[in-house]
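Heads up: the structure comes next, in structure tokens.
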Amino acid sequence: MRRLLILDYALSSLWRRRYKNFSIIAVFTLTVAVLGSILLLTHSLKMEASEILAGAPDLVVQRMSAGRHDLIPVRYIEEIEKIPGVGAVKSRCWGYYYDALTGSNFTLLGLDETATHEIHLLEGSMPKAEGQCAVGPGVARIRNVKVGDELILIDSTNTGVVFEVVGTFTEESSILTNDLVVFPKDDLVWFFGLPEGRATDITVEVFNESEVSTVAGKIKRMYPDTRPITRREIVQTYDAVFNWRSGMMLTVFLSALIAFSILAWDKATGISAEERREVGILKAIGWDTSDVLELKFWEGTVISLTSFLLGLIFAFVHVFFFGAPLLTPVLKGWSVIFPDFHFTPYIDLYQIAVIGFLTVVPYVASTVIPSWKTAVTDPEEVMRS
Amino acid sequence: MKEPAEALIWTEDVTKVYNPRLPDEVRAVDRVSVTIDRGDVAVLKGPSGSGKTSLLSLIGCMSRPTSGRIFVDGRDVAKLSESLLTAIRRETFGFIFQQYNLVPDASVLENVLLPLYPVGLRPSEMKQRANRILEGLGIENRRRLKVRKLSGGEQQRVAIARALVNEPDIIVADEPTAHLDRQRSADLLRVLEDLNMQGKTIIIATHDAQVYDHVFVTRTIEMGDGRVEAERLS
Amino acid sequence: MVRHRIFIVLTALKVAILIGILLYCRGHLRVLEGSEVPAKRALSRQLGLTDLSIWTEARYTRHPSQADFFAPFQDFPSSLEHFPAGSVVAPPRFAAPVRTEPSPE
């Protein structure tokens with residue numbers, strides 16, 4: 077009961093300074109919401125990458141020439157296939173296309189007929205015949221095409237080529253397919269004017285996962301001009317999204333966080349003369365030092381717990397229900413076409429606990445500790461004021 | 047002189063030194079020995095700076111003596127731990143301060159309830175007590191108002207109500223009439239007289255003749271330069 | 005004396021909303037893990053996709069994991085900083101020995 081009564085008094089004392097306290101809660105909530113949004117979005121994106129890209133090729137072999145990525149001879153496939161433990165080895169043909177009409181970049185992908193099994197997340201069908209294509213949702217949107225429409229692209233001889241759109245990937249797949257234009261492989265080779273016997277790179281299937289790097293080493297030794305990239309490396313790339321070193325947004329945000337800390341510190345620690353007097357009065361009329369500290373503890377807890385919970389709710393709603401509209405501009409950068417994010421709600425409870433710990437505890441501490449000095453002074457001072 | 051256990055308050059050679067061994071050392075209370083009995087109305091009389099307030103805060107367990115002994119209700123309070131001292135202060139004393147020392151933005155009711163929060167009574171009982179006391183002082187219709195909005199006399203009554211809410215045995219008042227006109231001072235003295243009739247011991251520090259010449263005073267302690275200059279019973 | 009009750013009720017309400025959101029997200033994730041996630045993984049396998057289609061601003065930001073190591077104007081390791089995407093994703097960390105050391109043969 078005693079504890080609840082002191083909580084009650086803490087609430088009434090906060091209410092008495094409600095303008096100050098509500099503004100602290102507002103700023104505090106915003107801080108938690110932004111920090112929470114960044115962490116939720118990052119975690120979701122990382123998990124998405126590692127879950128989806130588990131389907132990526134075990135090994136991608138690129139060719140390097142004069143220190144640059146170059147087209148790889150298809151004949152390399154025969155030798156690579158002979159390495160023990162290696163399954164299917166396929167050439168991939170793909171490239172980039174700058175669409176001058178809309179100022180956006182597409183990824184053009186040539187597909188073997190063998191690869192066109194039943195494909196999910198696709199409306200219509202995959203291109204099977206010459207002159208057909210399937211497009212990602214971003215391309216469909218920016219070029220305003222749907223199944224049955226025509227898509228005109230300019231080839232390497234500056235001639236417009238008409239393709240028939242036979243399929244569009246659904247919005248759900250946009251994180252993978254947004255800027256894709258998929259053709260039959262021959263069409264792509266012809267469109268880009270790729271030389272005979274060359275491909276963009278080679279994908280290698282390795283049966284035993286633990287042998288992937290051994291196989292990569294063997295390929296590298298066999299063809300010194302190649303660069304094998306393992307799937308582990310591909311997935312690891314996305315672990316670097318928003319990491320502390322490169323996360324400029326976090327850096328910018330960090331300064332905001334520091335500014336808030338200064339504000340909070342100032343507000344919480346700078347016990348005003350009025351508050352000091354109040355503590356003196358409480359002591360004089362029979363409050364113990366521990367009662368006063370408990371009062372300050374409640375004051376800090378009420379503010380920080382309220383802000384933390386509100387901020388977290390905002391962060392969840394912002395990221396998972398609205399697709400993080402406040403953060404995606406930072407992700408987007410200068411990209412012209414950009415996926416319409418539906419973040420998969422992968423949630424790390426540990427991360428949430430960390431946010432809680434990093435916001436609530438320091439605030440409570442910065443409220444309680446400075447009032448210590450006031451709380452231990454002799455109540456007699458009140459009589460002399 | 048009586049034995050410590052018989053008197054309600056008994057001090058022996060109590061000394062209070064502020065800023066000891068510094069250039070601005072002040073010997074506010076110097077070897078004071080006084081006795082106050084249960085039911086007394088004791089007045090500490092003297093000019094400002096004579097040590098009245100310091101002695102009052104020593105007796106009221108608000109500060110500790112530099113040397114000497116203080117017994118309150120038979121207990122040697124100079125040696126008690128801080129939290130026990132607080133408990134005694136809370137249970138035995140009700141304070142009326144010169145500046146009232148109310149929380150100006152809190153309501154009258156809240157101010158009166160303040161000493162009860164750490165006690166842990168049921169809220170209904172707390173309110174009952176406060177309302178009864180406010181009624182007794184004739185300010186029950188003010189209880190929702192902020193203290194800031196009350197007149198000086200009303201604030202004084204709130205301060206008295208707060209001093210009474212713990213049902214203390216001893217009321218300690220420091221210059222209670224300092225900010226009141228004659229009429230209001232007389233009202234206050236009537237309230238204190240009533241309380242004395244109900245069996246409360248009252249200790250007042252004052253240099254107001256209207257107070258120390260009042261008929262209800264049973265014990266006058268004259269102070270000067272931190273010492274007791276004269277003590278008489280009436 | 006009702007203030008603490010209001011506070012406790014409001015806090016409990018917020019915790020309940022939060023738990024509700026968490027449970028909803030978990031349920032939704034279950035559903036997605038049963039349908040959309042495997043479908044996307046299959047798509048990645050069938051089309052041989054190695055990267056998320058997020059940054060289309062430059063060729064080395066579209067496929068960060070396949071990026072040209074020595075592309076023009078790209079000075080490893082901080083080259084990605086040329087584009088806004090570089091402020092969000094660090095350069096790929098490859099298992100260096102496989103690709104940078106010349107082979108003994």
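Residue numbers (this note's numbering), protein chains in the order written: chain A, 77 to 461; chain B, 47 to 280; chain C, 5 to 109. Beta carbons: idealized from backbone N, C-alpha and C, even for Gly.
Could you name the residues of chain A that alanine 43 of chain C contacts, counting a contact when the two beta carbons are closer than 7 Å? Per Cβ cutoff of 7 Å: His196, Leu197.
Could you list the residues in the stretch 115-143 of chain A with a C-beta less than 8 Å from some C-beta on chain C, going in chain order? Those residues of the stretch 115-143 of chain A that come within reach of chain C (Cβ to Cβ, closer than 8 Å) are Leu121, Glu124, Ala125, Glu127, Ile128, Leu129, Ala130, Gly131, Ala132, Pro133, Val136, Gln138, Met140, Gly143.
Whose Cβ in chain A lies nearer than 7 Å to the Cβ of valine 19 of chain C? Residues of chain A with a Cβ closer than 7 Å to the Cβ of valine 19 of chain C are, in chain order, Leu385.
Can you pull the chain C residues whose beta carbon is under 7 Å from the beta carbon of serine 249 of chain A, in chain order? The answer, in chain order, is Lys44, Leu47.
Would you tell me roughly how many angstroms separate the C-alpha atoms of isoleucine 428 of chain A and alanine 335 of chain A, rounded to the nearest one? 22 Å
Counting only the same chain and skipping the five closest in sequence on each side, list residues whose C-beta sits under 8 Å from that of isoleucine 228 of chain A. Gly236, Val237, Val238, Phe239
Endpoints, the beta strand (DSSP E) within which aspartate 215 of chain B is located: First-last for aspartate 215 of chain B: undefined, no H or E at that position.
Report yes if the CB atom of proline 401 of chain A is closer than 9 Å to the CB atom of asparagine 254 of chain A, and no otherwise. In this structure, asparagine 254 of chain A does not lie closer than 9 Å to proline 401 of chain A by Cβ.
Taking histidine 418 of chain A as the reference, give the member of A:Arg303, A:Trp374, A:Phe396, A:Ala316 with the closest Cα. A:Phe396
Residue environment, methionine 108 of chain B, which counts as buried when at least 16 other CB atoms sit within 10 Å: Note on methionine 108 of chain B: 16 or more other CB atoms within 10 angstroms of its CB, so buried under the neighbour-count rule.
Per-residue burial, glycine 269 of chain A [other beta carbons within 10 Å of its own, 16 or more giving buried]: exposed
Three-pair Cβ contact test at 8 Å for the stretch 283-300 of chain A versus the stretch 252-267 of chain A: Not touching, per the Cβ criterion.
Let me confirm a value: valine 437 of chain A is counted as buried when at least 16 other C-beta atoms fall within 10 Å, else exposed. Which label applies? By the neighbour-count rule (16 or more Cβ atoms within 10 Å), valine 437 of chain A is not buried but exposed.
If you draw a straight line from the alpha carbon of arginine 194 of chain B to that of lysine 408 of chain A, how long is it in whole angstroms? 56 Å
Are the Cβ atoms of valine 257 of chain B and leucine 183 of chain B separated by less than 9 Å? Not closer than 9 Å, so no.
Which word fits serine 39 of chain C, buried or exposed, when buried means at least 16 other C-beta atoms lie within 10 angstroms of its C-beta? exposed
Cα-Cα separation, glutamine 78 of chain C to alanine 316 of chain A: Because the pLDDT of glutamine 78 of chain C is 44, which lies under 50, any placement of that residue in the model is unreliable, and the number read from its coordinates should be weighed accordingly. Whole-angstrom Cα-Cα distance: 18 Å.
Please identify the residue among A:Leu333, A:Ser120, A:Lys449, A:Phe283 whose C-alpha is closest to the C-alpha of alanine 164 of chain A. A:Phe283
Does any C-beta atom of chain A lie closer than 9 Å to the C-beta of arginine 190 of chain B? no
Of all Cβ atoms in chain A, is any one closer than 9 Å to the Cβ of valine 123 of chain B? no
My guess is that arginine 168 of chain A and threonine 276 of chain A are in contact by the Cβ rule of under 8 Å, so how many angstroms apart are they, rounded? 5 Å
In the stretch 147-160 of chain B, which residues sit with their C-beta less than 8 Å from some C-beta in chain A, listed in chain order? Within the stretch 147-160 of chain B, the qualifying residues are Asn147, Leu148, Val149, Asp151, Ala152, Glu156, Leu160.
By the DSSP assignment, the alpha helix (DSSP H) with tyrosine 64 of chain C in it spans what residues? For tyrosine 64 of chain C, the enclosing alpha helix (DSSP H) has its first and last residue at 63-66.
Residues of chain A with CB closer than 8 Å to the CB of proline 222 of chain B, please, in chain order. Here the premise fails: no neighbours, minimum Cβ distance about 12 Å.
Contact under 9 Å by Cβ, threonine 118 of chain A with glycine 387 of chain A: no
What's the C-alpha gap between asparagine 65 of chain B and threonine 112 of chain B? 11 Å
From the DSSP secondary-structure annotation, give me the bridge partner or partners of glycine 182 of chain B. BP columns for glycine 182 of chain B are empty, so no partner.
Quick one: list the residues of chain C neighbouring phenylalanine 392 of chain A, beta-carbon separation under 7 Å, in chain order. Ile25
What does the alpha-carbon distance come out to for the pair arginine 73 of chain B and glutamate 58 of chain B? 16 Å
Would the beta-carbon of valine 221 of chain A fall within 9 Å of that of glycine 200 of chain A? no
Could you give the first and the last residue of the continuous beta strand (DSSP E) run that contains alanine 88 of chain B? From DSSP, the beta strand (DSSP E) with alanine 88 of chain B extends over 87-91.
Inter-residue Cα distance where the pair is valine 118 of chain B and phenylalanine 11 of chain C: 41 Å
Report buried or exposed for serine 141 of chain A, applying the criterion of at least 16 other Cβ atoms within 10 angstroms of its Cβ. Around the beta-carbon of serine 141 of chain A, fewer than 16 other beta-carbon atoms lie within 10 Å, marking it exposed.
CB of leucine 403 of chain A within 9 Å of CB of serine 113 of chain A, strictly: yes
Which residues in the same chain as glycine 199 of chain B place their Cβ atom closer than 6 Å to its Cβ, once the five residues preceding and following it in sequence are excluded? Arg230
For aspartate 231 of chain A, three-class secondary structure by DSSP: coil
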